[in-house]
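In what follows, a single structure is set out as structure tokens and then discussed.
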Amino acid sequence: MDYILAMESLNPQKIHTRNTIFNAAGEGLWGFANAFHNMNSVIPMFLAQMGASAFIIGLIPGGFILLVALPQLLSANLFRQHPNIKKLNIGLHFSMAPIAFMLGLAFYYFQFTGHTGVIVYLFLWVVYSLGVGFLIPVWADFLASITLAARRGRFFGITFTVNAILGMIGGYVLKVVLSMETLSFPKNFGAAFLIMTLAILVGNSFFLFIKVIHPASPKKEQLDRWWQRLRTIYSQDRNFRNYIFSRALAAATMMPLAFYGVDLQSRFDLPLSAAGTFTFFLVVGQAIFNIAFGYIGDIYGRKKSISGFFIGHFLAALTAILATEPWMAYLVFVFVGMAFGAGQSSFMVFVYEFAGELGDRKLYYAALDTAVAPFIVIYISIAGLLVETFGTTPLYTLSLGFIVAGLLMFIYKVDAPQAS
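Counting from 516, one number per residue, gives the positions in the sequence shown under our numbering.
Printed below as a string of structure tokens:
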């Protein structure tokens, strides 16, 4: 196996450094790709342009997280004995490219619009989201297998900073594509999805050069009785259960995400190409705070860095309520990027610490997302109806209340896993 050969030629620290470079390159191109299909800035505006209702628009960010959560337990169980985590991870990553290509084909070549366009997009969106859900537990286990525990915060910080920097470039390219007079709607978005497909294919190729440092080796009882372990996690691990509750409260941040772009574009009469500008500022925030919170987590503890997730979303909702100038609209997305940066650099590592180095990381990760999923259903069901009836400000205000509750629970009820 490649990890044995790697251990013979390089020490773990050198492998970790090498893996950081190749993973940052691959994830960076995924960041570039996702700029063209951002669930929080691009897709809500895309659907609004096709005449989708506020309820449907409100489903997008939270519905994506929900659909991603649904197949994770199945994925964790299905792939728990797979002999090569690297090949499995690469294969699942490549499987996302055909779905992106179909999105491009649907709106660039067939040019679906109106009700038909909404239905076609939602069908492909569901397939794409479920595909990501199958990938996530494998990807999380893969990243743990190619990194050193003491340096994971920095690994994720560097990786997702590169992801965000290329996402900024993607946001600029998207703005140019959407502004081209030769590309009418929806061909302009179709072209964006085709660029996304190419970036995914190129980005995945970098994962081929990554070497596994320490593959997961679940104990026999972990393989045979995973459902009993899942029940044990929920019933006996009180600290992890408190963390789930804090994340469930924080999932209310899904409610306003779909409406920031649509609301602020309308409020300040910005062009449709503002979708690219919003994405640019979102990933600027990610670029700055990914690496910052990654280092903070490694040096001062993961709880401090995760607190940045709650604070970023709080500032975003508060700024959206108070925004009176276009620059404040862009600041909203910087704060969203701050929240994403804190989460990306720390969430996965925090779950690793709950599971332990020899624990079933796939199962713990799936257990978290599966438990939070029902709350997301409630939030996204409320969001669209609330906006249609009362407007966006009550939605932003409600989200602020849940964020504060989640932060307080996280601070006072969740202990660092090593101390629990």
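Here a beta-carbon is modelled for each residue, glycine too, at the ideal position from N, C-alpha and C. Predicted model, so just to flag it, every value in this text is computed and none were measured.
In or out: T662 buried (at least 16 other Cβ within 10 Å) or exposed?
buried
Alpha carbon to alpha carbon, what distance is there between L585 and I759?
16 angstroms
Uninterrupted alpha helix (DSSP H) stretches inside the region 520-557 (no shorter than 4 residues):
527-549
Cβ-Cβ separation, P701 to F627 (assumed contact under 8 angstroms), whole Å:
7 angstroms
Which of helix, strand or coil does DSSP assign to M770?
helix
With distances taken from CA atoms, which of A807, L574 and R756 is nearest G899?
L574
My assumption, with CB atoms under 8 angstroms, is that I1019 sits in contact with F657. Please give the rounded CB distance.
What is shown of the chain runs 516 to 935, which leaves residue 1019 out entirely.
Measuring CB to CB, does V677 end up less than 9 angstroms from A790?
no
Nearest-angstrom Cα separation, counted from V798 out to A655
22 angstroms
Three CB pairs or more closer than 8 angstroms across the region 886-898 and the region 832-847:
no
From F570, E542 and V929, residue whose alpha carbon lies closest to that of R753:
V929
Report yes or no: do the region 610-620 and the region 705-723 share at least 3 C-beta pairs separated by less than 8 angstroms?
yes
Measuring only the C-alpha atoms, how far is F551 from P598?
34 angstroms
Buried versus exposed, by CB contacts within 10 Å (16 or more), N526
exposed
Start and end residues, alpha helix (DSSP H) containing P652:
G629 to S660
Between the alpha carbons of L901 and R762, how many angstroms are there, rounded?
22 angstroms
Alpha carbon to alpha carbon, how far is V583 from V691?
30 angstroms
Span of the alpha helix (DSSP H) holding L785?
Unbroken run through L785: none, as it is neither H nor E.
Span separating the alpha-carbon of L723 from that of S788
35 angstroms
With a threshold of 6 angstroms on Cβ separation, who are the neighbours of E736 within its own chain once the five nearest residues in sequence on each side are excluded?
In this predicted model, E736 has a pLDDT of only 46, less than 50, meaning its place in the structure is not dependable; the value taken from the coordinates is given anyway. Here the set comprises nothing.
With a CB to CB cut of under 6 angstroms and the five nearest residues on each side skipped, what residues in its chain are close to Y879?
V866, F869 and A870
Can you tell me the Cβ-Cβ gap for P730 and K877, rounded? I've got them flagged as a contact below 8 angstroms.
About 13 angstroms; that fails the 8 angstroms criterion.
With M853 and G827 assumed to form a contact (beta carbons below 8 angstroms), what rounded beta-carbon distance in angstroms separates them?
4 angstroms
Just to confirm my understanding: we take L520, look at its own chain, exclude 5 residues before and 5 after, and list those with CB closer than 7 angstroms. What are they?
Summary for L520: the model assigns pLDDT 46, below 50, so the residue's position carries little reliability, and this model does not support an answer.
Looking only at its own chain, which residues have a Cβ that is under 6 angstroms from the Cβ of G718, when we skip the five neighbours before and after it?
G541, L544 and W545
Look at the Cβ atom of A765, then the Cβ atom of F670, and state whether they are nearer than 9 angstroms.
no
When the Cα atoms are used, what is the spatial distance from T907 to P771?
8 angstroms
Between which residues of its own chain and L698 is the CB-CB distance below 7 angstroms, once the five residues before and five after are set aside?
V692 and A706
Straight-line gap, I680 to K602 (C-alpha atoms, nearest Å)
27 angstroms
What is the DSSP secondary structure of P701, reduced to helix, strand or coil?
coil
How is the alpha helix (DSSP H) around N859 delimited, first residue to last?
Sequence check: residue 859 is Gln here, not Asn. It spans P841 to A870 - the alpha helix (DSSP H) in which Q859 sits, taken as one unbroken run.
Give me the Cα-Cα distance between F704 and F561, rounded to the nearest whole angstrom.
8 angstroms
Within its chain, find whatever has a CB closer than 8 angstroms to the CB of I571; leave out the 5 residues flanking it on each side and keep chain order.
L562, V633, L637 and G899
Among A569, G577 and T535, nearest to N553 - alpha-carbon criterion
G577
Close Cβ partners of V847 (< 6 angstroms) along its chain, the five nearest in sequence each way excluded
Y775, A831, T834 and A835
Taking S914 and A767 to be in contact with their CB atoms under 8 angstroms, please state how far apart those CB atoms are, rounded to whole angstroms.
5 angstroms
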